[in-house]
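All the letters of the sequence shown, read from the start, carry residue numbers -18 to -1, 1 to 173 under mature numbering (1 follows the signal peptide of the UniProt record, and there is no 0). Remarks on the structure that follows.
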Amino acid sequence: MVLLTYLAACGLFCQVYGSRLRQEDSPPRIVEHPSDLIVSKGEPATLNCKAEGRPSPTIEWYKDGERVETDKDDPRSHRMLLPSGSLFFLRIVHGRRSKPDEGSYVCVARNYLGEAVSHNASLEVACEYIPFEPSFAVLLADGAAPAFPSLGFSMDILFCCYHQSGCLKYGVKSVWLKHCWPINGSQLHEV
């Protein structure tokens, strides 16, 4: 604070309070923006963010527009704000109903001269590979019990395949094989 005292022409004293901008002070500037990540559930991850400014800016993270709670807010949190400003996840949390870590993140650097906002970075949870045996559903037109060609009967059967994880993101593709050769899905095949 600067205190200026001066005498006005009429003989009265006046005091003016104010703050002086130091020449070396500067507003925040993001020098390392976070990058998009694809991470497996349960694995650690880091979204990097570095900012410069004087005084040193404080960093906060936002996910999908909402402030991210870290260990500074809740010591039990699985997210930590590192001294560098990066956001560290001890483990990525992801479930069928709750996906608290997946989303679009930005870091915001602030000091008394203003704020700087990083580019958006998406954090996506990769599907884990779970080996499984295909499950089949047999649909019969007349609702009768299945009959098999070896018994001299024939019928239309629809085979359905699903992945146990319920996750079909990132190009997971199913291919039907007959005698180790891919089957064209638009054709009928005898089993």
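By construction, the Cβ of each residue, glycine as well, lies at the ideal position given by its N, Cα and C atoms. None of these values were measured; they are calculated from a predicted model.
Q: Please confirm if the stretch 40 to 47 is in contact with the stretch 21 to 28, defined as three or more CB-CB distances below 8 angstroms between the two stretches.
A: Judged by Cβ distances under 8 angstroms, the stretch 40 to 47 makes no contact with the stretch 21 to 28, as fewer than three pairs qualify.
- Task: Buried or exposed for GLY96, please, with buried defined as at least 16 other CB atoms from any protein chain shown within 10 angstroms of its CB.
- Result: Sequence index remark: in the sequence shown, residue 96 carries index 114 (1-based). It is exposed - the Cβ of GLY96 has fewer than 16 other Cβ atoms within 10 Å.
Can you list, in chain order, the residues of its chain whose CB lies under 6 angstroms from that of LEU64, leaving out five sequence neighbours each side? The count along the sequence shown starts at 1 and reaches residue 64 at position 82. Cβ neighbours of LEU64 beyond the five flanking positions: PHE70.
**Prompt:** How far does the beta strand (DSSP E) with TYR87 in it reach, from first residue to last?
**Reply:** Counting from 1 along the sequence shown, the entry for residue 87 is found at position 105. Segment 85 to 93, the beta strand (DSSP E) holding TYR87.
Task: Spatially closest choice to TYR94 from PRO10, ILE74, GLN5, by CA coordinates - done: Locating residue 94 in the sequence shown gives position 112, counting from the first residue. Nearest option by C-alpha distance: PRO10.
### Query
Which value, in whole angstroms, describes the spacing of the CA atoms of PRO39 and LYS32?
Position 57 of the sequence shown, counted from the first residue, corresponds to residue 39. Position 50 of the sequence shown, counted from the first residue, corresponds to residue 32. Their Cα atoms are separated by approximately 10 angstroms.
Note to self: Less than 7 angstroms between the beta carbons of VAL88 and SER100, yes or no?
What the structure shows: Residue mapping note: residue 88 aligns to position 106 of the sequence shown, counting from 1. Residue mapping note: residue 100 aligns to position 118 of the sequence shown, counting from 1. Yes, the Cβ-Cβ distance between VAL88 and SER100 is below 7 angstroms.
- Going by beta carbon distance, what residues of the same chain come within less than 7 angstroms of VAL13, once the five residues before and after it are set aside? Here residue 13 refers to the residue found at position 31 of the sequence shown. Excluding residues within five positions, the ones whose Cβ falls inside 7 angstroms are LYS32, ALA33, GLU34.
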